[in-house]
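Heads up, the thing below is written out as structure tokens.
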Amino acid sequence: MMERLARRLRPARPGAAALAVAGTPEDTLEAFDVTVHFEGLAAVDGVSISMRNGEVFGLIGPNGAGKTTLVNVLTGFQRPTRGRVVLGGEDVTGLSAHELGRRGLARTFQAVRLFRDMPVIENLEAAAVGTGLGRREAARRASRILAWMRFAHRADDWADTLPYGEERRVGIGRALAMAPRFVLLDEPAAGLSDAECDELMGLIAEIPHVFGCGVLLIEHNMRVIMGACHRIHVIESGRTVAEGSPEEIQVNPDVLRAYLGTRSGDARG
Amino acid sequence: MTGLVQNAIDALALGSLYALTALGIGLIFGVMRLINFAHGDLIMIGGYALIVPSSAAAAVAFIGAWPAPAMVAAIVFIVMLFALACERLAFRPLRRANPSVLLITSFALSFFLEHLVVMIYGGRVKAVSIWPELLEALPISGVRIPYLQIVTIGVTIGLLVLLVLFLKRTPMGIQMRAASEDFSTARLLGVRGNRVIAVAFAISGLLAAVVSLLYVSQVGALTYSMGIPLVLFAFVATVVGGMGSLTGAVLGGFVVGIASVTLQVALPVAMRPDRDVFVYGLILLILLMRPSGLVKVKSIEEKV
Amino acid sequence: MAGPDTEGGPAGLVWRLPVVGLRAFWTPIVLSLGVLVIVLAVWASGDTVLALAVTAALIRAVMVIGLYIFIGNSGVLAFGHATFMMVGAYGVAWLTLRPFNKSFALQLPEFLAAHQYPLLPSAIAAALLAAIVAFVVGIPIMRLSGIAAAIATLAVLGMFKTFYSNWSEWTLGAATMPGIPIYVDMWIALAWVVVALFVAYIYQRSKYGLALRASREDEFAARAAGINIPRQRLIAFVLSAFFMGIGGVLEAHYLGTIAVKNFWLTITFILLAMLIVGGQRSLSGAIVGVVVISTLIEILNSLEAGMNVGVAVLSVPIGAQELTIAGLMIIILVFRPDGIMGGREVPWPFGKAGRIVRDPGAVESEHDPLRRGLAQRDSAP
Ligand SMILES: Nc1ncnc2c1ncn2[C@@H]1O[C@H](COP(=O)(O)OP(=O)(O)OP(=O)(O)O)[C@@H](O)[C@H]1O
Ligand SMILES: [Mg+2]
Numbered sequence: 001m002m003e004r005l006a007r008r009l010r011p012a013r014p015g016a017a018a019l020a021v022a023g024t025p026e027d028t029l030e031a032f033d034v035t036v037h038f039e040g041l042a043a044v045d046g047v048s049i050s051m052r053n054g055e056v057f058g059l060i061g062p063n064g065a066g067k068t069t070l071v072n073v074l075t076g077f078q079r080p081t082r083g084r085v086v087l088g089g090e091d092v093t094g095l096s097a098h099e100l101g102r103r104g105l106a107r108t109f110q111a112v113r114l115f116r117d118m119p120v121i122e123n124l125e126a127a128a129v130g131t132g133l134g135r136r137e138a139a140r141r142a143s144r145i146l147a148w149m150r151f152a153h154r155a156d157d158w159a160d161t162l163p164y165g166e167e168r169r170v171g172i173g174r175a176l177a178m179a180p181r182f183v184l185l186d187e188p189a190a191g192l193s194d195a196e197c198d199e200l201m202g203l204i205a206e207i208p209h210v211f212g213c214g215v216l217l218i219e220h221n222m223r224v225i226m227g228a229c230h231r232i233h234v235i236e237s238g239r240t241v242a243e244g245s246p247e248e249i250q251v252n253p254d255v256l257r258a259y260l261g262t263r264s265g266d267a268r269g
Numbered sequence: 270m271t272g273l274v275q276n277a278i279d280a281l282a283l284g285s286l287y288a289l290t291a292l293g294i295g296l297i298f299g300v301m302r303l304i305n306f307a308h309g310d311l312i313m314i315g316g317y318a319l320i321v322p323s324s325a326a327a328a329v330a331f332i333g334a335w336p337a338p339a340m341v342a343a344i345v346f347i348v349m350l351f352a353l354a355c356e357r358l359a360f361r362p363l364r365r366a367n368p369s370v371l372l373i374t375s376f377a378l379s380f381f382l383e384h385l386v387v388m389i390y391g392g393r394v395k396a397v398s399i400w401p402e403l404l405e406a407l408p409i410s411g412v413r414i415p416y417l418q419i420v421t422i423g424v425t426i427g428l429l430v431l432l433v434l435f436l437k438r439t440p441m442g443i444q445m446r447a448a449s450e451d452f453s454t455a456r457l458l459g460v461r462g463n464r465v466i467a468v469a470f471a472i473s474g475l476l477a478a479v480v481s482l483l484y485v486s487q488v489g490a491l492t493y494s495m496g497i498p499l500v501l502f503a504f505v506a507t508v509v510g511g512m513g514s515l516t517g518a519v520l521g522g523f524v525v526g527i528a529s530v531t532l533q534v535a536l537p538v539a540m541r542p543d544r545d546v547f548v549y550g551l552i553l554l555i556l557l558m559r560p561s562g563l564v565k566v567k568s569i570e571e572k573v
Numbered sequence: 574m575a576g577p578d579t580e581g582g583p584a585g586l587v588w589r590l591p592v593v594g595l596r597a598f599w600t601p602i603v604l605s606l607g608v609l610v611i612v613l614a615v616w617a618s619g620d621t622v623l624a625l626a627v628t629a630a631l632i633r634a635v636m637v638i639g640l641y642i643f644i645g646n647s648g649v650l651a652f653g654h655a656t657f658m659m660v661g662a663y664g665v666a667w668l669t670l671r672p673f674n675k676s677f678a679l680q681l682p683e684f685l686a687a688h689q690y691p692l693l694p695s696a697i698a699a700a701l702l703a704a705i706v707a708f709v710v711g712i713p714i715m716r717l718s719g720i721a722a723a724i725a726t727l728a729v730l731g732m733f734k735t736f737y738s739n740w741s742e743w744t745l746g747a748a749t750m751p752g753i754p755i756y757v758d759m760w761i762a763l764a765w766v767v768v769a770l771f772v773a774y775i776y777q778r779s780k781y782g783l784a785l786r787a788s789r790e791d792e793f794a795a796r797a798a799g800i801n802i803p804r805q806r807l808i809a810f811v812l813s814a815f816f817m818g819i820g821g822v823l824e825a826h827y828l829g830t831i832a833v834k835n836f837w838l839t840i841t842f843i844l845l846a847m848l849i850v851g852g853q854r855s856l857s858g859a860i861v862g863v864v865v866i867s868t869l870i871e872i873l874n875s876l877e878a879g880m881n882v883g884v885a886v887l888s889v890p891i892g893a894q895e896l897t898i899a900g901l902m903i904i905i906l907v908f909r910p911d912g913i914m915g916g917r918e919v920p921w922p923f924g925k926a927g928r929i930v931r932d933p934g935a936v937e938s939e940h941d942p943l944r945r946g947l948a949q950r951d952s953a954p
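Chains as they are written, first to last, in the numbering used here: chain A, 1 to 269; chain B, 270 to 573; chain C, 574 to 954.
Quick look at the structure:
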């Protein structure tokens, strides 16, 4: 009787995992001419990007360049003043954040925003459940992801007891638990040590083929960016400065000016 | 025509009471994200301060028998003192708590104050009469407008003007507005949190005292739960007006007051006892259409 | 990919199932047993006055569990839940009063006026009515931000209280409605507590409960994770209203009379105090809070009535009861905002064995992209 109830609690529904659509190789996430005004200030100004499934797409720029704002637009947290967001050929501009989450856009937050009073594993499970999975599949996916991140030993720890670097890792795991078509990482390496950065870089580079999705990566740490990205898009003061391969970006004079013009170095951390 | 004038004055007078109450609540919400349930009990305490503390059935006027200026000053002083004590003892230790914890604390505080009064004064209704002459009607034929309503509206306008001047012109007022915009940043910029919050509580105490005097002279009776209807409508007014906006609070107060009086007049006689059902229903309807209220406030929304 | 979890085989599985069941429902089982022990002790003592007080406390427990389902999981306060008690209580009165009693003062439609319905179906029907009311009013309210929603629930209570106290044909207005069959004793109340505990726990562990708790922790992150917050809140609100409705039903069948004025802020305050003092974020907290506050109320009641201490009669004035509870609540909020239980459930005492929700050894889904990917990774050099 108890067992039956226990099973009812987590019904076996093979195939429910398919609800969270994994991207096809042709899948794309595009933004056309996205512009966001905050009381006169143009935080993002006519930016267009296009990224494909399978690639790690870097988005860089100095502080306040509008990177987070662009991600907010892409994930439905900010309505653009102008412009469109297109996911897999379908116009999704103005859809709510949770709707976009269900359609396969996952993100992390600069401020991490874990579900603090929940165990690590439930952080991931909640995200899996949010995309329509049953409790049981969610649990299975969550423990797989933790194992992949070599974090299974922390599964039952409360999220608010984690050190900062590990918090960020759980944030990424949570986004991946949605089995996203595209995952948008907002400064995942901020505040990490060099060793942690290298490990993270390895993980990020693996994400596209392990999860069959595309990755958008915002980072200030140039080592991580150059090591993980296939293509890089540079913005400054809300405008596109350049786009190209890491090698091209490294030698692009406009990019150097954008960085040198606003700060003394190229990278923080 | 005369009926219309009379109803309009009724609506404005009732709206004034709600607006002043909502304003007292809104000020505190602005500086510390606290919806103060106990505000209604400050109003109630202002009323009980008029009489001699005793659980006897008949109330004996105490401060209520003093000449008007002394009475007003004493009541304002006492209510302010209670407001500041609440801040110091219950809310200051919770400065960092989230708004839900603050709200539930103020709910508990409200029960605490009410039953403190029950213990001292007993639970029965007590009759008091201050300024009976204000209940007489203006000498205008055709309409019945008590002086009190004119006084209520006048006092409200006066207080609103003073408050606007305070918020716009004085350093403390400017700090208070800055703190409402963004408390942590304001603090970084040198706004002194404790002072600003204490002043906000003092002003809300002042507003509660004024409402107390106006309300008691109108109803002529005291009960320990007399603040509740006022504070409920004022809460609703702040939500309808848009939480965090002082303009919204005043606006919401008048909307609720005007809606009450209009419904009172417009509903068929058989349905008049149900007036509040419609007032509350109307409010839910407004919220359905404008979930963030009439005046939308940016600073309430957290940044992603 | 073989991990430690795949060991054991079918025999191991069979052995594990009872443990899994016990572990899975540890919280409601322990809490039910705890309450059962109290009830048995009182029953064995034969003290009928105490039994009445315990019954009242158990009815409150059903209500507090109802309140917890919404407040605990969503983190949104609600001050309007007395509405659903009232709807449930009057609903069950319409169904279960004898037609003879109804004919005196009520003007009910034929299907109610002429019949007296069986008790249990009536109880459930009345609670469902409360749930429906919650669904309708919840649609606008659940879209509001947390604090605004809490206040809007007050507006709902104000609305229904005014309506019921003027709806004389159905409710006798402000007057007390007598003659409701009295059948609720300690055991029936206990049964409902157990039902409420299990339902609340199953909900909390379900995907809906998980999604709602995530939104309680961080609204932005929850939305990013695909969680439709208003919808999840509404589900909890309706379920919560159902048990508040049951609470009202039990109260009606316990006292035999109901009056609109009893479904107002005092009961709201008592129930909230119980939840907060115990700890609003766990089911265990809800129960602990009921026990603590009910005990306190009993002590204060006997003090208000006057207690003989040798020659003198010790007594406290009217109002002291609420004053004490409010004071305790403020102290708890200041010094331990997560309540006595600190937001945790009663812990499983037997180590990590048999954790319920993870069993990677079970059937694998071909569609899980992660599995596909991991397989690729494993075969890669
Ligand atoms: N909600 C908002 N309201 C007003 N201004 C905003 C808001 N969000 C962002 N801004 C402004 O828009 C600009 C872009 O901010 P954004 O956070 O997108 O930059 P960023 O590139 O992510 O910077 P960082 O590297 O520091 O994270 C900044 O000037 C910021 O102050
Ligand atoms: Mg940013």
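All C-beta atoms, glycine included, are put in the ideal place defined by N, C-alpha and C.
Rank the options by C-alpha distance to the C-alpha of residue i and give the top, closest one.
i, options, result
"A/Ser48", "A/Gly54, A/Phe57, A/Ala31 and A/Leu114", "A/Ala31"
"B/Trp335", "B/Val321, B/Ala326, B/Ala327 and B/Ala325", "B/Val321"
"C/Lys734", "C/Gly711, C/Val861 and C/Gly653", "C/Gly653"
"A/Phe109", "C/Arg796, C/Ile802 and C/Val850", "C/Arg796"
"C/Met759", "C/Arg917, C/Gly858, C/Ala704 and C/Ala614", "C/Ala614"
"C/Gly594", "C/Ile775, C/Ala798 and C/Phe815", "C/Ile775"
"B/Leu432", "B/Lys395, B/Leu476 and B/Ala467", "B/Leu476"
"C/Ser676", "C/Leu856, C/Ile831, C/Ala846 and C/Gly752", "C/Gly752"
Quick one: measure Cβ to Cβ for residue i and residue j, integer angstroms, because I've assumed they're closer than 8 Å.
i, j, result
"B/Val348", "B/Ala478", "4 Å"
"C/Phe643", "C/Ala655", "In fact, because the Cβ distance is near 13 Å, the residues do not count as touching under 8 Å."
"C/Arg633", "C/Val863", "6 Å"
"C/Glu895", "B/Phe351", "That pair is no contact at about 18 Å."
"B/Ile414", "B/Ala406", "6 Å"
"A/Pro80", "A/Thr93", "7 Å"
Quick one: list the residues of chain B neighbouring residue i, beta-carbon separation under 7 Å, in chain order.
i, result
"C/Leu896", "Phe381, His384, Leu385 and Met388"
Check whether the Cβ of residue i sits closer than 6 Å to any heavy atom of ligand 2, and report yes or no.
i, result
"A/Gln110", "yes"
"A/Thr75", "no"
Which chain B residues sit within Cβ distance under 9 Å of residue i?
i, result
"C/Arg716", "Leu556, Leu557 and Pro560"
Say yes only if the C-beta of residue i is nearer than 6 Å to one or more non-hydrogen atoms of ligand 1, and no if none qualify.
i, result
"C/Phe793", "no"
"A/Ala43", "yes"
"A/Thr69", "yes"
"A/Asn221", "no"
"B/Phe547", "no"
"A/Phe305", "Missing from the structure shown is residue 305 of chain A; chain A here goes from 1 to 269 and no further."
"A/Gly64", "yes"
With DSSP as the reference, identify every bridge partner of residue i, one or two as the case may be.
i, result
"B/Lys395", "B/Leu491"
"A/Ser50", "A/Glu30"
"C/Met750", "C/Ile831"
"A/Phe57", "A/Leu216 and A/Arg231"
"A/Trp158", "A/Pro119"
"C/Phe908", "Per DSSP, none; premise fails for C/Phe908."
"C/Glu871", "None, per the DSSP bridge assignment."
"A/Gly244", "A/Ile232"
Please compile the residues from chain C whose C-beta is within a distance smaller than 8 Å of the C-beta of residue i.
i, result
"B/Ala359", "Ile903 and Val907"
"A/Arg346", "Given a span of 1 to 269 for chain A in the structure shown, any question on residue 346 of chain A remains unanswerable."
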